[in-house]
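Using this note's numbering, you'd call the opening residue of the sequence shown number 1236 and step up by one each time.
Note that the Cβ used here is the ideal one computed from N, Cα and C, for glycine as well.
In this text, all values refer to a predicted model and were calculated from it rather than measured experimentally.
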Amino acid sequence: MEQQIRKFRPLLIWIALLLATAHSQTLTISDPGVYTFSATHVIIDFKTVPQGGGEVTVSEFLTPPSPAPQGGTVAPYYLIIETDMPDNSFTALIQIENAASLGLGAAAIVEMENKYGDGWLLFSGTYSPGTPDFYRFQVNRFSLFAFLTPLAQPGNVYLATSNASPAANLEAYQSDIAGYYGPGDWGYTPAEQFFSIYAKTENLSEFYGCDLHLRWDPAVIELQTISEGNIWLPGSYNFFTFPPAPTDSLIVQAAAQTVPPANLTTGAADYLVKLDFKLPRPGFSIIEMVKYEFRDQLNTPVFFFTHPCKVKYFLGDFTNGFDETRGNGKVDFDDLVFFSLAYNSATSGWSGSQWLPAGTLYKRKYDIGPTDGAHFIFDNPQPDNKIDFEDLIIFSFSYGYFNEWIYPQSPAPLPVPAYRQLSKNVLKERFPLIGAGKSHPFAANRNRFAVSVPRIEDLKGFSFTIELLEDPAALAGIEKIELTPQNEPGLTWLLYKIEGNKVTVDGVILTPSSSGIVCEGPLFYLNFRNTTPSSPKFRIVSAILRDGKNRDIPFGLTGDGEAAPGQYFLTENYPNPFNGSTRFQAHLPRDGFIEIRVYNPLGQKVGTVFEGYLSRGIHSFSWNAAIAGDKYAPSGIYFLHLKAKDFSQVRKMYLIK
């Protein structure tokens, strides 16, 4: 009977907890911000959330679980917070209102139920008196939380990058890992990507033995060697580690062996264990203690607070304010500016200035691509002494990653995308002139020429080399097109360089995810001055298209181009599907009469968008599903039809109400 009770004891505990539930509430977390769980005493300020967010359920209990936490007076208030967001993918500041009425005060500490082993983990919180009063603590994973006033004030146990006195919240950036960026370059080779983590207690801590359980993300960091700490006196200690070949976790158990038994007292440079790691690829990982226990010479528990170590390493993270010798754990605007300054430089070497020296743009630490022969996006870069498209697209994958966002893992090699034959003039589709009197910033002596692609489901970057066959001075500049509005929020980053009679145009799409966008039509415009009676002629001599895994998109390239009026073009409507109204453009190479109508799948006309005479140029339209008077088309498939002299084009639209 006793064995049966012991077998079902965990179930009985949770049944008791459920019966003792005071309040519970679930909210959907989409973005960082403050979320109030009004049914409980809890307010959660999410500093960071993973892409896609998740659900969070807060349940409060007014009776203790069994077994209750040990080591002090336990408050009659417990929280169970659950989420479908992965551990360490978020940072949450938990605030408990009216804390004093729940038994929480200035002396209270927080204990987290250890779901990776038996027992509880201690960490610090703060009490703020007022009306209302608050108790606050910050975590990056959720579980059952308890609160107690300890018998003695706990000390601190840290993870640090050196055996010197560490900060309370350590973040190891790439400069700590790869070494200080020297005058020549940033020294990036896979063999040099090693760093050490020391587990240590604060100065003058006293204990006899310890049991530490650590874990980390093996996709980002790899354990290489384990060294016994210098606190253990030679010849008078026991030291064990498990398992024999750690991959994602490690257990360290050690104890002094003195006669008579006496506690060890730590100095400022003493540490318990040293772990040497290697970074196989950029990313973010928490190295944390998921269980820890300290005992004194009487085998009595000694309480400590723990502090995790955050390893942040992102390709493209070079700046920390105006100091570009190290990163700051985020790839943002500062990095974009410095990268733009160094883009496509042809000069090797660097004089050592923190700012770009006169006469050269190249800096080796910006040389982050290609990653390898197959240019997988998160492998180690292979510097090639130039900053060009390969570096630009690797930077684009890192752009926007910071704080506790989980860096995408390097995928297994995927099949090469199917070969795409770019039909005649598709890459060099001719678009209308922008003439005088049109609402466009170009004057009458400018010609506008679009470089376009057929529909591509996953476009992340592109690079074109264009040869000017006549006067290079005719090129007035490159005009960027914003490609992302019909997809997800983001921006198109376009860089170009003119060398003699050749133009290199490199572009990437910066979005919150590593995937590319659905794209069809123009990527950018070449703008020419009319320096001669004939139109400037040029040809695309090479092109690169990359998808969201940085794989080449095969294609065929045919024909030459010239900046002259050319083909009609009807863009895809946006949004599609749509509810209410949708927008699109008609590109007209000449003045003339056009018709834009909407048909149903039976070929019946349901509406006319435009019918009349238009001058050449780019014209915008919208359709709000109106068919007659105050009547509107029902949900379904419709066809948008552009008709002009000797031209007809149809687009499929989806109306959803």
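- Counting other Cβ atoms within 10 Å of its Cβ, residue 1533 stays below 16 and is therefore classed as exposed.
- By a beta-carbon distance limit of 8 Å, residue 1716 does not contact residue 1700. Their separation comes to about 19 Å.
- About 22 Å separates the Cβ atoms of residue 1474 and residue 1457, ruling out a contact at the 8 Å cut-off.
- By the neighbour-count criterion, in which a residue is buried when 16 or more other Cβ atoms sit within 10 angstroms of its Cβ, residue 1388 is exposed.
- Within the same chain, Cβ atoms closer than 7 Å to the Cβ of residue 1289 are found at 1264, 1318, 1319, 1320, the five residues on either side in sequence being excluded.
- Residue 1883: member of the beta strand (DSSP E) spanning 1882-1890, first to last residue.
- Per the Cβ contact rule, the region 1544-1554 is not in contact with the region 1347-1363 (fewer than 3 Cβ pairs under 8 Å).
- When rounded, the separation of the alpha-carbon atoms in residue 1702 and residue 1764 is 16 Å.
- A buried status is given to residue 1522, since no fewer than 16 other beta-carbon atoms sit within 10 Å of its beta-carbon.
- By the neighbour-count definition (other C-beta atoms within 10 Å, threshold 16), residue 1310 is a buried residue.
- Linking residue 1777 to residue 1285 through their CA atoms gives a straight-line distance of about 38 Å.
- The region 1738-1757 and the region 1614-1628 touch, with three or more beta-carbon pairs separated by less than 8 Å.
- Take residue 1497, set aside five residues on each side of it, and the residues of its chain with a beta-carbon closer than 7 Å to its own are 1532, in chain order.
- Pairing residue 1505 with residue 1398 gives a Cβ-Cβ distance under 9 Å.
- Taking the C-beta atoms as reference points, residue 1573 is found no nearer than 9 Å to residue 1545.
- For residue 1574, there is no enclosing beta strand (DSSP E); the residue is part of the alpha helix (DSSP H) that begins and ends at 1568-1577.
- Here the alpha carbon of residue 1692 sits roughly 11 Å from the alpha carbon of residue 1788.
- Per the C-alpha coordinates, the member of 1786, 1850, 1471, 1840 positioned closest to residue 1873 is 1840.
- The C-alpha of residue 1862 lies about 29 Å from the C-alpha of residue 1825.
- Residue environment: residue 1695 is assigned as buried (16 or more neighbouring CB atoms within 10 Å of its CB, all protein chains considered).
- Per DSSP, the unbroken alpha helix (DSSP H) holding residue 1629 starts and ends at 1624-1633.
- Contact check between the region 1365-1374 and the region 1325-1339: three or more CB pairs, one atom from each, fall below 8 Å, which counts as touching.
- Approximately 6 Å separates the beta-carbon atoms of residue 1773 and residue 1704; this is inside 8 Å, confirming the contact.
- Counting C-beta atoms within 10 angstroms of its own C-beta, residue 1444 has 16 or more neighbours from the protein chains shown and is therefore classed as buried.
- Residue 1736 and residue 1821 have their alpha carbons spaced roughly 32 Å apart.
- In the structure shown, residue 1312 falls within a coil segment according to DSSP collapsed to helix, strand and coil.
- With at least 16 other beta carbons inside 10 angstroms of its own, residue 1786 counts as buried.
- For residue 1432, DSSP records a beta bridge to 1510.
- Secondary structure at residue 1816: coil, using DSSP grouped into helix, strand and coil.
- If one requires a minimum length of 3 residues, the beta strand (DSSP E) runs lying completely within the region 1527-1557 are 1539-1542, 1544-1548, in chain order.
- With 16 or more neighbouring CB atoms inside 10 Å of its own CB, residue 1508 falls in the buried class.
- For the pair residue 1351 and residue 1783, the Cα-to-Cα distance works out to about 35 Å.
- The beta carbons of residue 1432 and residue 1378 sit no closer together than 9 Å.
- Distance between residue 1272 and residue 1612, taken at the CA atoms: about 40 Å.
- Looking at the backbone, the Cα of residue 1719 and that of residue 1752 are separated by about 7 Å.
- Residue 1750 sits in coil when the DSSP states are folded into three classes, being neither helix nor strand.
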